[in-house]
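Below: the structure, in structure tokens.
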Amino acid sequence: MPGLVLFGRRWAIGSDDFVLPGAFELFVRLVWWIGILVLYTVHKGQFNCPGGGLLHSYLLGLIILLASIICALSALVYISMQGTISNPGPRKSLPKILYTRLLLYFPEFIWAVIGAVWVSDNSVQCEKTVINGVIGTVIASWIIIIFTVIGVVIVFDPLGGKKTFYLPDGVGRNLESSQSGQLLYNVKSSATRVWEKRIRLLCCCIVQDDDHRVAFTSIAELFRNYFSDTDLVPSDIAAGLILLHQEQDKMENCPKEPEEVLCHSPSSLVTDDLDVELENAAHYMLFAAAAYGWPYYVYTNPYTALCKLNGDCCRNRPTDSDITGSDRHNFHFGSILKITGLQYRDFIHISFHNKIYEIPFFVALDHKKEAIVVAVRGTLSFEDILTDLSADCEDLTLEEVLENGFVHKGITQAANYIYRKLINDGILNQAFTIAPEYKLVIVGHSLGGGTASILAIMLRNSFPTLRCYAFSPPGGLLSKSLADYTKHFIVSVIVGKDLVARLSMPNMEDLKRRIVRIVANCNRPKYQILLRGCWYEVFGGDPDDFPTELDGRNQDALTQPLLAEESLMVHRSPSYNALEEEPHFNSPPQYPHLYLPGKIIHVVEECSSKRLCSSDIKYTARWSNETVFSSILISPKMITDHMPDVVLKALNSLSQEHGSCLSC
Numbered sequence: 001m002p003g004l005v006l007f008g009r010r011w012a013i014g015s016d017d018f019v020l021p022g023a024f025e026l027f028v029r030l031v032w033w034i035g036i037l038v039l040y041t042v043h044k045g046q047f048n049c050p051g052g053g054l055l056h057s058y059l060l061g062l063i064i065l066l067a068s069i070i071c072a073l074s075a076l077v078y079i080s081m082q083g084t085i086s087n088p089g090p091r092k093s094l095p096k097i098l099y100t101r102l103l104l105y106f107p108e109f110i111w112a113v114i115g116a117v118w119v120s121d122n123s124v125q126c127e128k129t130v131i132n133g134v135i136g137t138v139i140a141s142w143i144i145i146i147f148t149v150i151g152v153v154i155v156f157d158p159l160g161g162k163k164t165f166y167l168p169d170g171v172g173r174n175l176e177s178s179q180s181g182q183l184l185y186n187v188k189s190s191a192t193r194v195w196e197k198r199i200r201l202l203c204c205c206i207v208q209d210d211d212h213r214v215a216f217t218s219i220a221e222l223f224r225n226y227f228s229d230t231d232l233v234p235s236d237i238a239a240g241l242i243l244l245h246q247e248q249d250k251m252e253n254c255p256k257e258p259e260e261v262l263c264h265s266p267s268s269l270v271t272d273d274l275d276v277e278l279e280n281a282a283h284y285m286l287f288a289a290a291a292y293g294w295p296y297y298v299y300t301n302p303y304t305a306l307c308k309l310n311g312d313c314c315r316n317r318p319t320d321s322d323i324t325g326s327d328r329h330n331f332h333f334g335s336i337l338k339i340t341g342l343q344y345r346d347f348i349h350i351s352f353h354n355k356i357y358e359i360p361f362f363v364a365l366d367h368k369k370e371a372i373v374v375a376v377r378g379t380l381s382f383e384d385i386l387t388d389l390s391a392d393c394e395d396l397t398l399e400e401v402l403e404n405g406f407v408h409k410g411i412t413q414a415a416n417y418i419y420r421k422l423i424n425d426g427i428l429n430q431a432f433t434i435a436p437e438y439k440l441v442i443v444g445h446s447l448g449g450g451t452a453s454i455l456a457i458m459l460r461n462s463f464p465t466l467r468c469y470a471f472s473p474p475g476g477l478l479s480k481s482l483a484d485y486t487k488h489f490i491v492s493v494i495v496g497k498d499l500v501a502r503l504s505m506p507n508m509e510d511l512k513r514r515i516v517r518i519v520a521n522c523n524r525p526k527y528q529i530l531l532r533g534c535w536y537e538v539f540g541g542d543p544d545d546f547p548t549e550l551d552g553r554n555q556d557a558l559t560q561p562l563l564a565e566e567s568l569m570v571h572r573s574p575s576y577n578a579l580e581e582e583p584h585f586n587s588p589p590q591y592p593h594l595y596l597p598g599k600i601i602h603v604v605e606e607c608s609s610k611r612l613c614s615s616d617i618k619y620t621a622r623w624s625n626e627t628v629f630s631s632i633l634i635s636p637k638m639i640t641d642h643m644p645d646v647v648l649k650a651l652n653s654l655s656q657e658h659g660s661c662l663s664c
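Going by full-length UniProt numbering, the residue at position 208 of the sequence shown is 208; the numbering climbs one at a time, nothing skipped.
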């Protein structure tokens, strides 16, 4: 950090990112050089075979070339080890060494071609050991060249060559406003196009229509806005996440404040209510998990699922009127039957239709709880990911609901789609005709949980007794007024340090600034942070006490931003500096704070290892509030805690524990 400037453009790699890959290549080159040197020494004077003269020159030149590359790599690694992430001064000579190293690729390429020609010559009749050594040399040369080209493509920054302008302090921004405005517009448009091309490339396998094109542009602008005000390379983000995780673990080991302990000590009445909701949540999580169809069933039953589904693929085949969308071989529906334990006659409607803003769901009769269950599927396709990332805010205006507010745009459109299907197509009328005394329950996990929550708000007036269980819903979903309104009929269940439940644009901005601050303050080289961080994540131990620039500063100084941090957020690389040079009154409004829906049950691990491989896990649950999820927590389990099987396992564990307590 900042990004390395080479050949007059910025690259998505820092000057301190050459330590680990350079050390690995240095090791390979040393072994290679020693092997060729031994081969040349042993067979010296034995190059009288046909083609031996060229072989002698080839090996001698290769020894000299490898020695030059080893010297260049040694200097490159040594210089890259100097300084810290926010102090690249000791590494200012690295570009010159890098130019030297890149120049050595030309003779290496020529030598690889010469070696390939010599090996392919049938007239060569030298000793087989020498021929095999040359073949290995040629293969190694081409592998290194290919991987180098791939690496260059990966770290290439399409915006790295954009020319920008700088306005000195104190100079009015209205000077040459038309020219500067046009330049700013061009740079921002270029950045948006770059992100849009990346998204299109990732989604190249799906059919793209007008909705996709609008979503691509919206998501591209979101990414451009998020990454435009910092000069972070990927390894800086990795180092920042490692430092944040260790800092977070140190904070968790500190004694809690008395008020924090008191807020998690509910009365017996609240505890009884929690036990009832946990039992209901464990029951309805089966429906939310079943909505994923055969991928979830195969994932949770890897050895027997395919055999069971193949045996049932021709039985209980629903008629075309019962199901929409593709379900080849009846795998989806068969999996839903096995997960829920329901019969075919219990299903009112099943939809596997999947497009952007249109997600699968099913409606079924739950006789055990006397409920009509609408289960909405979570993220399982590229279309669902685009729905998730359409994170703009829009107004939700409903009749007879005073608490109108902002909602997640993509998820709201998905809820509108299901609402139209349920009401306009008469699906709910059909269900209540069959079971008029049943209550309406809407469930979903992840994207399905967010969609189920907004769908519940839309149906609340028509079905006042409805309940909604949202498992691991996205954090940036509802404005504060709507979140408070939903506390009467929605229960959200969050497990551990689930990342998705804490995802919102304000939280992402907070995470970015936390990464920049902790990276700027750390006085350790990046390679040490990464190596020690990997050891800590895999093997555990005590969090590292990395020295920072904050050490020894007085209290007044702590309130002021550090020069390194300020430089990373303000004096950015030329490629990104212009993106924020427009006046503030022309800037788009900041993303408002959005919250989780309804009352929140937070399920956390108790007395378990922090490592991924921990097996014996005990869970506890408590009522929580939305402020607990106002910051993203870094943990090896931040992704696994979101998985539907983990949520179901935790709820089943709590439900069984409660049942055993009652029996005692």
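Even glycine gets a Cβ: it sits at the ideal position worked out from N, Cα and C.
Would you please state the rounded distance, in angstroms, between the beta carbons of Y419 and L455? I believe it to be under 8 angstroms. Here residue 419 is taken as the residue at index 419 of the sequence shown, counted from 1. Here residue 455 is taken as the residue at index 455 of the sequence shown, counted from 1. Indeed they touch by this definition, with Cβ atoms about 6 angstroms apart.
Only counting the same chain, and skipping five residues up and downstream in sequence, which positions put a Cβ closer than 7 angstroms to that of F18? Here residue 18 is taken as the residue at index 18 of the sequence shown, counted from 1. Result list for F18: L76, V77 and S80, in chain order.
State buried or exposed for M643, treating a residue as buried only when at least 16 other CB atoms are found within 10 Å of its CB. Along the sequence shown, one-based indexing puts residue 643 at 643. Per the 10 Å Cβ criterion, buried.
V373 beta carbon less than 8 angstroms from that of Y297: Residue 297 sits at position 297 when you count from the first residue of the sequence shown. Residue 373 sits at position 373 when you count from the first residue of the sequence shown. No, they are not a contact pair.
Where F585 falls, given that 16 or more other Cβ within 10 Å makes a residue buried: Taking the first residue of the sequence shown as position 1, residue 585 is located at position 585. Low confidence applies to F585: its pLDDT is 36, below 50, so where it sits in the model is not reliable, and the reading given next is rough at best. F585 comes out exposed.
Hey, L477 and P592 are a contact pair by Cβ (cut 8 angstroms); roughly how many whole angstroms apart? In the sequence shown, residue 477 corresponds to position 477, counting from 1. In the sequence shown, residue 592 corresponds to position 592, counting from 1. That belief does not hold up - the Cβ atoms of L477 and P592 are roughly 12 angstroms apart, past 8 angstroms.
Are the Cβ atoms of F463 and L482 separated by less than 8 angstroms? Here residue 463 is taken as the residue at index 463 of the sequence shown, counted from 1. Here residue 482 is taken as the residue at index 482 of the sequence shown, counted from 1. The answer is no: Cβ separation not under 8 angstroms.
Can you name the start and end residues of the alpha helix (DSSP H) that I230 belongs to? Taking the first residue of the sequence shown as position 1, residue 230 is located at position 230. The identity of residue 230 in the sequence shown is Thr, whereas the question assumes Ile. It is not in any alpha helix (DSSP H) - T230 carries neither H nor E in the DSSP assignment.
State the Cα-Cα distance for the pair I457 and Y536, rounded to the nearest angstrom. Within the sequence shown, residue 457 is the residue found at index 457, counting from 1. Within the sequence shown, residue 536 is the residue found at index 536, counting from 1. Cα to Cα, the separation comes out at about 44 angstroms.
Can you tell me whether DSSP reads H283 as helix, strand or coil? Here residue 283 refers to the residue found at position 283 of the sequence shown. Three-state DSSP puts H283 in a helix.
For V647 and R514, what's the separation of their Cα atoms in angstroms? In the sequence shown, counting from the first residue as 1, residue 647 sits at position 647. In the sequence shown, counting from the first residue as 1, residue 514 sits at position 514. Roughly 29 angstroms separates the two Cα atoms.
Beta-bridge partners of T84, as assigned by DSSP: Looking up residue 84 in the sequence shown gives position 84. T84 pairs with N87.
Closest to Q248 by CA distance: which of I632, T640 and A650 is it? Taking the first residue of the sequence shown as 1, we reach residue 248 at position 248. Of I632, T640 and A650, the residue nearest in Cα terms is I632.
Leaving out five residues on either side along the sequence, give the residues of the same chain with a beta carbon under 6 angstroms from the beta carbon of H349. Here residue 349 refers to the residue found at position 349 of the sequence shown. Taken in chain order, the residues that qualify are V363 and I427.
Contained beta strand (DSSP E) runs [length at least 3] in the UniProt domain "Fungal lipase-type" (373-505), N- to C-terminal order: 393-396, 405-408, 439-445, 467-471 and 490-495
Can you pull the DSSP bridge partners for G533? The count along the sequence shown starts at 1 and reaches residue 533 at position 533. Answer is none; G533 lacks a bridge partner.
Give the secondary structure of Y619 by DSSP, where H, G and I count as helix, E and B as strand, and everything else as coil. Residue 619 sits at position 619 when you count from the first residue of the sequence shown. Three-state DSSP puts Y619 in a strand.
Residue from P2, T304, F489 and G61 with nearest C-alpha to G160: As a first step, residue 160 is located in the sequence shown; it is residue number 160 there, counting from the start. Here the closest residue by C-alpha is P2.
Let me check understanding here. Comparing Cα to Cα, which of I13, A215 and I617 lies closest to K409? To locate residue 409, count along the sequence shown from 1; it is residue 409. It is A215 whose Cα lies nearest to the Cα of K409.
Taking the alpha-carbon of D366 as reference, which of E358, G14, R101 and T340 has the nearest alpha-carbon? The count along the sequence shown starts at 1 and reaches residue 366 at position 366. Residue T340 is the option with its Cα nearest to D366.
Closer than 6 angstroms by C-beta to S15: which residues in its own chain qualify, once you throw out the five before and the five after it? Chain order, please. Position 15 of the sequence shown holds residue 15. The residues are L4, P88, R91 and L94.
Does the beta-carbon of G533 have 16 or more other beta-carbons within 10 angstroms, so that it is buried, or is it exposed? Mapped onto the sequence shown, residue 533 falls at position 533. Its Cβ being crowded by 16 or more others within 10 Å, G533 is buried.
One or two residues paired with L6 in a DSSP bridge: Mapped onto the sequence shown, residue 6 falls at position 6. L6 pairs with R9.
Three-state secondary structure (DSSP) of D510: The sequence position of residue 510 within the sequence shown is 510, counting from 1. The answer is helix: DSSP assigns D510 an H, G or I state.
Would you kindly check if the distance between the Cβ of L65 and the Cβ of E108 is under 8 angstroms? Stepping through the sequence shown from its first residue, residue 108 is reached at position 108. Stepping through the sequence shown from its first residue, residue 65 is reached at position 65. Result yes, Cβ atoms of E108 and L65 sit closer than 8 angstroms.
What does the Cβ neighbour count give for I69, buried or exposed, with the cut at 16 atoms within 10 Å? In the sequence shown, the residue the question calls residue 69 occupies position 69. So I69 counts as buried.
Outcome for P302 when other beta-carbon atoms lying within 10 angstroms are tallied against a minimum of 16: Mapped onto the sequence shown, residue 302 falls at position 302. With fewer than 16 other Cβ atoms within 10 Å, it is exposed.
Contact under 8 angstroms by Cβ, I490 with S453: Within the sequence shown, the letter at position 490 stands for residue 490. Within the sequence shown, the letter at position 453 stands for residue 453. In contact: I490 and S453 (Cβ atoms closer than 8 angstroms).
Tell me, please, which residues DSSP counts as bridged to G14. Within the sequence shown, residue 14 is the residue found at index 14, counting from 1. In DSSP, G14 forms a bridge with G3.
Measuring alpha carbon to alpha carbon, tell me which of K197, S381, L651 and D346 ends up nearest I434. Translated into the one-based positions of the sequence shown, residue 434 becomes position 434. Closest option to I434, Cα to Cα, is D346.
For A67, is the classification buried or exposed, using 16 other Cβ atoms within 10 angstroms of its Cβ as the cut-off for buried? Counting from one through the sequence shown, the residue named residue 67 turns up at place 67. By the 10 Å Cβ count, A67 comes out exposed.
Proximity to E606 [Cα-Cα], best of V495, I634, V516 and I529: Along the sequence shown, read from residue 1 onward, the residue named residue 606 stands at position 606. If we check each option's Cα against that of E606, V495 comes out closest.
Cα separation between P360 and D641? Here residue 360 refers to the residue found at position 360 of the sequence shown. Here residue 641 refers to the residue found at position 641 of the sequence shown. So the alpha carbons of these two residues sit roughly 23 angstroms apart.
Tell me where the alpha helix (DSSP H) around S141 begins and ends. On the sequence shown, position 141 is the one that residue 141 refers to. Per DSSP, S141 belongs to the alpha helix (DSSP H) from K128 to V155.
Would you call the CB atoms of Y99 and T148 closer than 8 angstroms? Mapped onto the sequence shown, residue 99 falls at position 99. Mapped onto the sequence shown, residue 148 falls at position 148. Result no, Cβ atoms of Y99 and T148 do not sit closer than 8 angstroms.
Given this structure, state the Cα-to-Cα distance separating T137 from V130, to the nearest angstrom. Looking up residue 137 in the sequence shown gives position 137. Looking up residue 130 in the sequence shown gives position 130. Going from the Cα of T137 to the Cα of V130 covers about 11 angstroms.
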